[in-house]
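Heads up: the sequence shown begins at 1 in full-length UniProt numbering, then just goes up one per residue. I have placed the structure first, in the form of structure tokens, so that the comments after it can refer back to it.
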Amino acid sequence: MCKPPTTNPANSNAQPPSSATGSRPIPPPSSPPNQTATTSTSPTPAPWAHRTLIVRQLKGLEDLISYTSVHWHMQEKGWHFAPASETISGNTTPDPLHPDYTHLRDIYFEQNPDYEGRFTVPTLYDKKTKRIVSNESAEIIRMMYTAFDGLVEEKYRGVVLLPEELKERIEEMNGWVYEGVNNGVYKSGFATTQEAYEKAVTTLFESLDRIEAELAISSTPYLLSSPHVTEADIRLYTTAIRFDPVYVQHFKCNIRDIRSGYPHIHKWMRHLYWDYPAFKDTTNFEHIKKHYTKSHGQINQFAITPLGPVPNILEKEEEVASVKAAVEKK
1 MCKPPTTNPA
11 NSNAQPPSSA
21 TGSRPIPPPS
31 SPPNQTATTS
41 TSPTPAPWAH
51 RTLIVRQLKG
61 LEDLISYTSV
71 HWHMQEKGWH
81 FAPASETISG
91 NTTPDPLHPD
101 YTHLRDIYFE
111 QNPDYEGRFT
121 VPTLYDKKTK
131 RIVSNESAEI
141 IRMMYTAFDG
151 LVEEKYRGVV
161 LLPEELKERI
171 EEMNGWVYEG
181 VNNGVYKSGF
191 ATTQEAYEKA
201 VTTLFESLDR
211 IEAELAISST
221 PYLLSSPHVT
231 EADIRLYTTA
241 IRFDPVYVQH
251 FKCNIRDIRS
261 GYPHIHKWMR
271 HLYWDYPAFK
281 DTTNFEHIKK
291 HYTKSHGQIN
301 QFAITPLGPV
311 PNILEKEEEV
321 ASVKAAVEKK
């Protein structure tokens, strides 16, 4: 959900809705999606949709939930499907269920011709009932945790991303990470006054400082000293991985970057990227950088995409020069 406010903020993707009910064109589902006929429309650049792609792979749902990525370039009418004539990586194709549809909004209007809300992603669609199940990432990933367990291998049923013993702490962390970090980068980037920008960016870096401190005392490589990946890691990762390549320059979040300013966050992020295919496979730096820099005309008028940072992510044992020097002095 990365489209900035234009003339009608209600129809933009600048910030995620606080709940699904504000943007869903149908009532909340009373049951999980059809277990054998579900598809997801999720653009690889969008951090909110990225969560669902990670969980889909961690839970072994690739054969149960098909996936189509909309084009990385946000147009005036919102997310659009790539035409068959354009070859793009990352499963960016025409909608296989609706080959005549050109935009995501067409699926929403199929549900409700009078729909006036936002055309947001991810969009979980039931192929049998031909209904949108949900377009709220937080809701979708929790459906994925257990709704399909009867159809996956035992090893995937054992992937518990919201363990009961950590649920309360994860919920608490989700709250302030969302406000300060996930949404904080957008508040900074789309601020229209110096005061609003400084307030947002200060809160953002205070939140990052807090995460850094928590990881510094973690007894494991994961947030909250969890013995394995949890929802908290997933929700933070999709913002953290975009921070140096995009948010530092594009959203003016440049007090510090991750690779030189937050060694524990940097180590945590690289552990997820390099050691878990679900994180690496779903992270497309080309799409991420092009989406932000070429879709936000009021921020980047000439749609120039910076070449850096180089590389987009460092190897696990590699450090920037300033960090190397600091380590050597110890």
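Positions of the beta carbon are idealized from the N, C-alpha and C atoms, including for glycine.
Taking the CB atoms as reference points, tell me whether H73 and A82 lie closer together than 7 angstroms.
no
Residues bridged to Y125 [DSSP beta-bridge criterion]
Here Y125 is bridged, per DSSP, to T39 and I132.
The beta strand (DSSP E) spanning T68 covers which residue range?
I65 to T68
Relative to the C-alpha of P309, which residue among F243, T146 and E116 is closest?
When each option's Cα is compared against that of P309, the closest is F243.
In terms of residues, what are the limits of the alpha helix (DSSP H) holding R270?
Unbroken alpha helix (DSSP H) run through R270: P263 to D275.
Rounded straight-line distance, which links the Cα of A303 to that of T293
5 angstroms
With burial defined as no fewer than 16 other Cβ atoms inside 10 Å of the residue's Cβ, what is the status of E318: buried or exposed?
exposed
Please name the residue or residues paired with L88 in a DSSP beta bridge.
Sequence check: residue 88 is Ile here, not Leu. Its beta-bridge partners are T92.
Cα separation between A84 and Q194?
44 angstroms
Alpha carbon of Y108 to alpha carbon of R118, nearest angstrom
9 angstroms
From V55, I299, N312 and V133, residue whose alpha carbon lies closest to that of K187
I299
Distance check for E154 and A200, CA to CA, integer angstroms please.
44 angstroms
Short of 8 angstroms in beta carbon distance, which residues of its chain neighbour S226, apart from the five on each side in sequence? Order them along the chain.
P163, L166, T220, A232 and D233
8 angstroms CB neighbourhood of G297 in its chain, flanking five on each side removed:
A303
Spatial neighbours of L97 in its chain, beta-carbon cut-off 7 angstroms, leaving aside the 5 residues before and after
T39 and K127
Boundaries (first-last residue) of the alpha helix (DSSP H) holding E139
S137 to T146
Is the number of C-beta pairs between the region 55-70 and the region 260-275 that are closer than 8 angstroms three or more?
no
Kindly indicate the opening and closing residues of the alpha helix (DSSP H) around residue 391.
Lying before the first or after the last residue shown, residue 391 is absent from the chain, which here runs from 1 to 330.
Using alpha carbons as the reference points, say which of I265, T282 and D106 lies closest to S89.
T282
Using DSSP with H/G/I as helix, E/B as strand and the rest coil, what is H71?
coil
Measuring straight from C-alpha to C-alpha, what distance separates G180 and F205?
8 angstroms
Secondary structure at N78, three-state DSSP: helix, strand or coil?
Residue identity check: residue 78 is Gly in the sequence provided, not Asn. In this structure, G78 counts as strand in the three-state DSSP scheme.
Residue from P306, S207, E110 and L307 whose Cα sits closest to the Cα of K130:
E110
Residue environment, S322, which counts as buried when at least 16 other CB atoms sit within 10 Å:
exposed
Straight-line Cα distance separating A213 from V177:
Looking at the two C-alpha atoms, the distance is approximately 14 angstroms.
I need the straight-line Cα distance from P94 to K290, nearest angstrom please.
Computed Cα separation, rounded: 19 angstroms.
Can you tell me whether DSSP reads H250 as helix, strand or coil?
helix
Less than 7 angstroms between the beta carbons of P122 and I140, yes or no?
yes
Three-state secondary structure (DSSP) at H103?
strand
Beta-carbon proximity of T102 to S69, cut-off 7 angstroms:
no
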